[in-house]
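Mind the numbering: the sequence shown is residues 1 to 105 in full-length UniProt numbering, read in order.
The C-beta atom is built at its ideal place from N, Cα and C for all residues, glycine as well.
These figures come from a predicted structure and were not determined experimentally.
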Amino acid sequence: MLPGSSEAWAWAAGLVEGEGSFSRSVDRYEYRISVTTTDVDVAEQLLGMTEMGRLYGPYQRNPRWKPIFHWIVASRENVLEARTHLLPHLGLRRAERIRSLFDSP
1 MLPGSSEAWA
11 WAAGLVEGEG
21 SFSRSVDRYE
31 YRISVTTTDV
41 DVAEQLLGMT
51 EMGRLYGPYQ
61 RNPRWKPIFH
71 WIVASRENVL
81 EARTHLLPHL
91 GLRRAERIRS
101 LFDSP
């Protein structure tokens, strides 16, 4: 699987579908796509395959739990580009959620 390829984005969409979220700060017009995982190898692969975003972590929420990692795409330009690549591979509910971020005032 080549980084940035349609196959890579389909793989990323599967992660976003299961572990991701989309958000927008109404007052500051900031957009974000994020995935949270306890598997550092998955987070690193997501970063490499999409060729965008940043990886944060590890964060230890509780000493008995695995540490978590966050992949976050936050620049408006990258969020728009990621949206274009992800939409064809997302289910209806997630696709509608990402569309609604940009369609509402």
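Please check the pair residue 20 and residue 34, which I expect to be a contact at CB under 8 Å, by giving their CB distance rounded to whole angstroms. The residue labelled residue 20 in the question sits at position 20 within the sequence shown. The residue labelled residue 34 in the question sits at position 34 within the sequence shown. Confirmed, about 6 Å.
Once DSSP output is grouped into helix, strand and coil, what is the label at residue 73? Your numbering for residue 73 matches position 73 in the sequence shown. Three-state DSSP puts residue 73 in a strand.
One question on the structure: do residue 30 and residue 82 come within less than 8 Å of each other, judged by their Cβ atoms? Counting from 1 along the sequence shown, the entry for residue 30 is found at position 30. Counting from 1 along the sequence shown, the entry for residue 82 is found at position 82. It is not a contact, given that the beta carbons lie outside the stated cut-off.
Measuring CA to CA, which of 40, 64 and 52 is closest to residue 86? Taking the sequence shown and counting its residues from 1, one reaches residue 86 at position 86. When the alpha-carbon of residue 86 is set against those of 40, 64 and 52, the nearest one is in 52.
Nearest chain D C-beta to residue 93 closer than 8 Å, yes or no? Among the protein chains of the structure shown there is no chain D, as only one such chain exists.
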